[in-house]
Amino acid sequence: MALSDIEIANQVEMEPIEKVANKIGIERKDLSLYGDYKAKIKIDNEKLENAKKGKLILVTAITPTPAGEGKTTVSVGLVDALSKKGKKAAIAVREPSLGPVFGIKGGAAGGGHAQVVPMEDINLHFTGDFHAIGAANNLLAALLDNHIHQGNALRIDTRRITWKRVVDMNDRQLRHIVNGLQGRVNGVPREDGYDITVASEVMAILCLANNITELKDKLRKIIVAYNVDNEPVTAGDLKAEGAMTALLKDAIQPNIVQTLAHTPAFIHGGPFANIAHGCNSVLATKLALTHADYAVTEAGFGADLGAEKFIDIKCRKSGLRPSAVVLVATVRALKMHGGVNKKDLGPENVDAVIKGLPNLEKHLDNIQNVYGLPAVVAINKFPTDTDAEINAVKAACEKLGVGVSLCDVWAKGGDGGLELADMVVDLAEQENNFQFVYDLEDSIEEKLNKIVQKVYGGSGVEFSPKAKKQMKQLADLGFSDYPICMAKTQYSFSDNAKLLGAPKDFTVTINELKVSAGAGFIVALTGAVMTMPGLPKSPAAERIDVDEEGNITGLF
């Protein structure tokens, strides 16, 4: 019987975190220890900005399917392979949310023999970052409602409050609530709701801030409501930014742990990949680049959402520039894009693989010609893949002149990614024509059209009457030069989750536009975006347990 991820992780003896950090030149004095195997890193901003930078390797994927792609597993396997090749390497990825851990997806620390550890800590409370972010978010909510209760000097329109409370759990019961009931002493009654912590703008801000001063300035700009004159009310108006920053003073420091092969791993932040940019923190990525010759990182969802936001939001705001991109694909996912149902993925079906290849080809075209970056395809191997199916993918890549590697890191760890590591090293030395999808000077409408036309392959955007009104308002308020954060389904290039493969000539409907003024981007909502998920019929929490010695089972 195959071992579970947590069983594999528990078989490996971890190294003290001081020893792991020292491999890339981080000294004990720069660490705040959280036990023996995890630590926070004290930031020296001057050193961070002036140090020589390594090569940044972005791992992204084809359009996600229920069959799975495995970006994190490939990312971890790749960094271990680079280390085995004698390269000074580190990885920087997001922290998992408790929602998916106890819901349907499980943990987010890689899998098999390509994991970061201690995986129980990483998947649960870790170093308390998410709790700090939730506390800062909810402090702002409490100050907002208290201001209204104490006389509402800012003349806030209680029907136009945009700030919600958060909890890091999938709890659909909290999506829509009414609070402030049972008399004046308990506040002003109003409709409200909760988001999951990773959907908080505080999370996005923390991940884009370069230092604590910038963090406080961004928090000050958060718009929490509009007043009766339709003017924005900010966290700064409520004098909230100082106390919020105090709650986040440790959370802004990146965390360091290790892979199963003892390669340094920075795990920090985890913004939603829909209504935010879906990348780990800028600080963690810069730390990895400063201390390693090769820094592997990833972006949420497929290359149309995650990689585009990585480039147009994270890179634009931070000055980061990738040297190469790894596009992760699986035979199983390509078969789904070729029309096969999930329950029928087992038998060999080369025709379905070939029919699904246009999805991979469109993502490759985007990476190379829209983002201007060199790319290699990593086929994340599953036991059910056949030689004929794998060869069909290889043949397509070779026809396009793109390197392709069969990656077996789940079963073999870094040893299963040695060929990929060689390709990445070569690729990172190639000519790089990095470019953004749009210019900040473009109008909001022009930016949206460029994303849809250049990245998604659609004909353009349409606006709801509500979105048209909001677009004018955002321009009038001075936000038209902000980058765009598209909130659409991750399961299709289009805004229709059922349009698999590489659809063309579709329109994307923008239902709503709202500004995340602190994070510094405009969110374009193309459908019903779920910011508070619910638990499935059989949640993962039902299978998680702990024995009398404190050993956890059931995490995966």
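Using this note's numbering, the first residue of the sequence shown is number 408, and each one after it goes up by one. In this text, a Cβ means the ideal position worked out from N, Cα and C, and glycines have one as well. In this text, all values refer to a predicted model and were calculated from it rather than measured experimentally.
If we call anything under 8 Å between Cβ atoms a contact, is residue i one with residue j?
{"i": "VAL664", "j": "ALA653", "result": "no"}
{"i": "ALA548", "j": "TRP570", "result": "yes"}
{"i": "PHE886", "j": "ILE917", "result": "no"}
{"i": "THR697", "j": "ALA458", "result": "yes"}
{"i": "THR938", "j": "ILE603", "result": "yes"}
{"i": "LEU920", "j": "TYR701", "result": "no"}
{"i": "LEU734", "j": "ALA803", "result": "no"}
{"i": "ALA710", "j": "PRO781", "result": "no"}
{"i": "GLY510", "j": "THR480", "result": "no"}
{"i": "PHE841", "j": "ARG728", "result": "yes"}
{"i": "GLU608", "j": "GLY925", "result": "yes"}
{"i": "ALA699", "j": "CYS686", "result": "no"}
{"i": "VAL427", "j": "HIS669", "result": "yes"}
{"i": "LYS788", "j": "ASP815", "result": "yes"}
{"i": "VAL483", "j": "ALA521", "result": "yes"}
{"i": "GLN660", "j": "SER439", "result": "yes"}
Using the three-state DSSP reduction, which class does residue i fall into: helix, strand or coil?
{"i": "GLY535", "result": "coil"}
{"i": "GLN589", "result": "coil"}
{"i": "THR697", "result": "helix"}
{"i": "LYS368", "result": "This structure leaves residue 368 out entirely; the chain is present only between 408 and 963."}
{"i": "ASP846", "result": "coil"}
{"i": "ASN766", "result": "helix"}
{"i": "ILE611", "result": "First, the amino acid is wrong: residue 611 is Ala here, not Ile. If DSSP states are grouped into helix, strand and coil, ALA611 belongs with the helices."}
{"i": "SER812", "result": "strand"}
{"i": "LEU962", "result": "coil"}
{"i": "GLY867", "result": "strand"}
{"i": "ARG501", "result": "coil"}
{"i": "VAL703", "result": "strand"}
{"i": "VAL936", "result": "coil"}
{"i": "VAL915", "result": "strand"}
{"i": "ARG567", "result": "strand"}
{"i": "PRO872", "result": "helix"}
{"i": "ASP952", "result": "strand"}
{"i": "PRO507", "result": "helix"}
{"i": "GLN580", "result": "helix"}
{"i": "GLN557", "result": "coil"}
{"i": "ALA653", "result": "helix"}
{"i": "VAL800", "result": "helix"}
From the DSSP secondary-structure annotation, give me the bridge partner or partners of residue i.
{"i": "MET893", "result": "ALA931"}
{"i": "GLN522", "result": "GLY517"}
{"i": "PRO639", "result": "TYR633"}
{"i": "LEU440", "result": "ALA446"}
{"i": "LYS921", "result": "VAL930"}
{"i": "TYR601", "result": "ARG572"}
{"i": "ILE718", "result": "Beta-bridge pairing links ILE718 to no other residue."}
{"i": "THR791", "result": "None; THR791 has no bridge partner."}
{"i": "PHE673", "result": "ALA499, ILE663"}
{"i": "ALA731", "result": "ILE464"}
* Taking contact to mean at least 3 C-beta pairs separated by less than 8 Å, is the region 637 to 651 in contact with the region 463 to 479? -> no
* Please confirm if the region 636 to 644 is in contact with the region 576 to 584, defined as three or more CB-CB distances below 8 Å between the two stretches. => no
* To do: Would you mind listing the alpha helix (DSSP H) stretches within the region 735 to 787 that are 4+ residues and don't spill past its ends, in chain order?
  => 738 to 744, 757 to 772
* Could you tell me whether the region 759 to 770 touches the region 736 to 751, where touching means 3 or more Cβ pairs closer than 8 Å? => yes
* **Segment contact, 8 Å Cβ cut-off, at least three pairs: the region 545 to 559 with the region 446 to 453** => no
* Count the CB pairs spanning the region 676 to 695 and the region 623 to 632 that are closer than 8 Å, and state whether there are at least three. => no
* Start-end ranges of the beta strand (DSSP E) lying completely within the region 467 to 501, minimum 3 residues -> 496 to 500
* **Cβ pair count under 8 Å reaching 3, the region 895 to 915 against the region 857 to 871** => yes
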